[in-house]
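Student:
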Amino acid sequence: MKQAWLALADGAIFEGRAFGYEGETVGEVVFNTAMTGYQEVLTDPSYKGQIITMTSPHIGNYGMTSEDAESRRIWAEGFIVKEASRLASNWRSRQQAQDYLHEAKIVGIEGLDTRALTRHLREHGSQQGLITHVDGDHRRMVEKAQAAPSIVGRDLAAAVTCGKAYQWTEGSGEWAPSLDEKPRAVATRRWHVVAYDFGVKLNILRRLVDVGCDVTVVPASATAVQIDALKPDGIFLSNGPGDPEGVPYAIEAVRQLIGSRPIFGICLGHQILGLALGLKTYKLKFGHHGANHPVMDLRTRKVEITSQNHNFAVAVTRPFSAIPDRPPVVDTSFGQVLVTHLSLNDHSVEGLACADHPVFSVQYHPEASPGPHDSAYLFTEFIQRMEKQ
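Here numbering that gives the first Met the number 0 is used: position 290 in the sequence shown is 289, and no number is missing along the way.
(1) Can you have a look at ALA6 and say buried or exposed, based on whether 16 or more other CB atoms are within 10 angstroms of its CB?
(2) Extract the residue ranges of the beta strand (DSSP E) inside the segment 236-306, only unbroken runs of 3 or more that lie entirely within it.
(3) According to the neighbour-count rule (16 or more other Cβ atoms, all chains shown, within 10 Å of its Cβ), is LYS81 buried or exposed?
(4) Look up VAL217 in the DSSP assignment and say whether it is helix, strand or coil.
(5) Candidates GLY239, GLY26, CYS266, GLN270: which alpha carbon is nearest ARG254's?
(6) Between the segment 86-93 and the segment 114-124, can you find at least three pairs of beta-carbon atoms closer than 8 Å?
(7) Given VAL199, which residues of its chain have a CB within under 6 Å of its CB, disregarding the five upstream and five downstream residues?
(8) Hey, how far is the Cα of LEU129 from the Cα of GLU76?
(9) Would you mind stating whether PHE389 and VAL29 have Cβ atoms separated by less than 9 Å?
(10) Quick check on the DSSP output: what are the complete beta strand (DSSP E) runs of length 3 or more inside the segment 52-139, in order along the chain?
(11) For GLY19, is the classification buried or exposed, using 16 other Cβ atoms within 10 angstroms of its Cβ as the cut-off for buried?
(12) Suppose you measure from the CA of GLU386 to the CA of ALA11; what does that come to, to the nearest Å?
(13) Per DSSP, what kind of secondary structure is ASP209 in: helix, strand or coil?
(14) Please state whether DSSP places VAL315 in a helix, a strand or coil.
(15) Tell me, please, which residues DSSP counts as bridged to ARG16.
(16) If you draw a straight line from the alpha carbon of PHE263 to that of LEU283, how long is it in whole angstroms?
(17) In three-state terms, what does DSSP make of SER360?
Structure below.
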């Protein structure tokens with residue numbers, strides 16, 4: 000097989016074999032610790048601008064299906080695996096990983112030590128990198144990696160959002176079940192929810208329909224006036240790629256909408272809400288990417304295992320050196336904001352809730368595609384907040 004290389008901006012070089020589409024690609028190199036769900040990861044718009052390293056050694060074992068994609072295409076800039084399976088053991092599989100990447104023109108590399116790469120990123124931080132199948136000159140590779148654009152300050156939501164508003168009506172129960180599974184019952188729809196598309200995953204929209212929502216999806220650039228004209232019962236702020244400070248128009252729109260209707264944000268939507276409330280955000284050293292991140296709900300002391308994919312986090316007045324006994328409170332121009340959830344790995348903020356408004360958010364993915372379903376209750380909590388209005 001053809002030789003390939005990964006070069007990092009700090010000068011580290013990893014050698015491997017060509018995988019996927021032949022060529023070169025640049026992006027911020029991150030690692031994902033999920034054991035499965037690689038198709039959902041590749042098609043998650045939140046990975047726009049990034050090259051994904053999977054820490055699980057075998058990728059592609061169950062192939063690629065028509066049902067598991069989280070958007071219409073692959074958004075990751077590149078893909079790094081230890082070993083790509085050439086066989087797919089799955090009755091739903093329609094394509095092997097190699098062919099899936101090649102068809103989408105996604106450059107990948109396999110055969111390198113992904114655990115060593117992960118340790119390097121953990122110690123030195125996520126950074127720009129280059130995958131190449133065509134240029135083995137180490138100096139040029141590193142220079143190209145260093146010249147790659149950073150995700151900091153960039154408006155990546157504009158690259159992945161929808162072009163115009165549309166209605167979403169499909170629930171998860173409408174998918175054909177497996178041989179031993181019954182379709183989920185879809186709730187009677189009652190609530191009109193406007194969902195901001197900052198890079199929304201399809202299973203988020205399906206979960207909203209499951210709990211009884213008629214969903215109108217709007218572009219990231221939609222203004223508060225445009226949202227008000229739709230007369231929604233609630234507003235959903237979706238996940239998405241990059242730096243929340245890169246979308247000042249969305250921050251301003253959300254700021255104007257706070258207090259008008261219930262708002263539920265996740266991932267990038269959580270960060271945008273934090274900025275709209277007057278809090279700050281910062282870039283994590285290597286981000287949270289995986290399906291096994293423990294988070295504590297400080298209101299109940301229950302721990303959820305969550306699916307996460309983000310490089311930025313919301314900051315409060317001081318970092319937490321330990322888990323507090325009760326939800327910390329931050330004073331803002333919108334009243335008190337509670338820190339409702341914290342990461343048990345690094346004590347970063349994982350959830351917010353306004354004391355005086357039906358507004359809340361989490362940093363992780365309650366739709367869990369891939370990942371555990373510990374946090375699915377949050378969609379029901381959103382419904383309950385709309386019921387009280």
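We treat Cβ as the ideally placed atom computed from N, Cα and C, and that holds for glycine.
Remember, it's a predicted structure, so these values are computed and weren't measured experimentally.
Tutor: If we stick to the structure as given:
(1) buried
(2) 262-265, 279-296
(3) Counting Cβ neighbours within 10 Å, LYS81 comes out buried, since at least 16 surround it.
(4) strand
(5) GLN270
(6) With contact defined as three or more Cβ pairs closer than 8 Å, the segment 114-124 and the segment 86-93 are not in contact.
(7) SER237
(8) 10 Å
(9) No answer is possible for residue 389: it lies beyond the span of the chain, which begins at 0 and ends at 388.
(10) 77-80, 106-109, 126-131
(11) It counts as buried.
(12) 54 Å
(13) helix
(14) coil
(15) GLN2, GLU109
(16) 23 Å
(17) DSSP, reduced to helix, strand and coil, places SER360 within a strand of the structure shown.
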